[in-house]
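Under our numbering, the first residue of the sequence shown is numbered 24, with each subsequent residue one higher. Every residue, glycine too, gets a C-beta built ideally from N, C-alpha and C. Computed from a prediction, not measured in an experiment: that's the story for all the values here. Below is one structure, written out as structure tokens, with a few remarks after it.
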Amino acid sequence: MTALTAAFAGRTVFRVGYGALQLERLQQRPGEAVALLRRAIELGVEHVDTAEFYGFGFANHVIRQTLRPEDGVLIVTKVGADPNPGGRLPLRLAQRAGQLRASVEDNLRSLGVERLEVVNLRRLDSGPGLRPEGDQVVDLDDQLAELAALRDEGKIGAIGLSCVTIDGLRRALPVGIVCVQNAYSLVSRDDEDMLALCAAEGIAWVPFFPLGGALPGLPKVTDEPAVHAAAASSGATPAQVGLAWLLHHAPHLLLIPGTADPAHLQANMAAAATSLDAAALASLDAVESRSNAVALG
């Protein structure tokens, strides 16, 4: 039986959380966004992943409106990029120390809190997406020093890393890291060594793109014959199998699937109860891993 809870930033949480990025699809229907997040809490979500640049602040606004202290939900946000309304991409990099501090202040204001419980530094050294150029190429030590200072000031509680290499994680360990958020799925397991390092150090592994395929050129978990075979034998959907495999694969792994659809939300949460027998797990473990390194130019 897969453990349904895991340690995260000094707390124990249900391993299936919610990624707030998709809330931006409900910007014209804010009442539905609030209802969806409320439903997520009712279904057992205990950690929510967000950022100021999700929907140009809309996701944080919904979280502020919806979550109550008695919900006991761990809110995890990220810095390293800022909203970019009207730009070719909806975000722009903000890697410099002063920009990280400004992003922390922006998140404090939009979430309406005095302290951000966990802040992930979106480092962009690995995985799919943008790469820093020019003055956005900033030494990791300088960034960690700024985040540590913000932690000392009481503005953030704990530090995480996103899109980081294993060497970067090793450099960051003395600062105290509570989670790593990299692209990772059944079909893109580039970071297996980092997954093991996180297990050894008591660091939560929180993959984004848990089903792959989120950008053109990335493989999709739900395209795999082994996934469909496991779905047929378990009575689950292929997506639930992909999420359940992650939960089986590493006990310190937490999920943050996102959706704007209540039925899809319920299906994601049910992945925690999806049972995979030994034969299905062996077949899934044998699926070929392909690189998730796709750059956005």
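- In the DSSP assignment, V102 falls within the unbroken beta strand (DSSP E) covering L97 to V102.
- For Q289, the uninterrupted alpha helix (DSSP H) segment begins and ends at P285 to A293.
- Of the residues assessed, R145 falls on the buried side of the cut-off, its CB having 16 or more other CB atoms within 10 angstroms.
- Relative to the Cα of R119, the nearest Cα in the group I86, G109, D164 and E137 belongs to D164.
- By the 16-neighbour rule on beta-carbons within 10 angstroms, T35 is exposed.
- Distance from V142 to I182 at the Cβ level is roughly 6 Å; contact confirmed, criterion being Cβ atoms closer than 8 Å.
- Taking each of R212, A253, A223 and A227 in turn and checking the Cα distance to P233, the smallest one comes out for R212.
- In this chain, the alpha helix (DSSP H) harbouring F81 covers F81 to T89.
- When the five nearest sequence neighbours on each side are left out, the beta carbons in the same chain lying within less than 6 Å of the beta carbon of A32 are those of V141, A181 and V201, in order along the chain.
- Ranked by how close their Cα comes to the Cα of E247, the residues V102, D308, L90 and P108 have D308 in first place.
- It is roughly 5 Å from the alpha-carbon of G40 to the alpha-carbon of I279.
- Counting along the chain, the unbroken alpha helix (DSSP H) around N130 starts and ends at A120 to L134.
- Taking every protein chain shown into account, the CB of A172 has fewer than 16 other CB atoms within 10 angstroms, so this residue is exposed.
- Between L147 and L153, the CB-CB gap stays under 7 Å.
- Within the same chain, and ignoring the five residues on either side of V57 in sequence, the residues whose Cβ sits closer than 8 Å to its Cβ are V85, Q88 and T89.
- Taking 7 Å as the cut-off, the beta carbon of H275 is found no closer than this to the beta carbon of A219.
- In the DSSP assignment, V244 falls outside any beta strand (DSSP E) and carries neither an H nor an E.
- In this structure, the alpha-carbon of A296 lies about 15 Å from that of L304.
- Exposure of R91 is indicated by the presence of fewer than 16 other C-beta atoms within 10 angstroms of its C-beta.
- DSSP, read as helix, strand or coil, puts A181 in strand.
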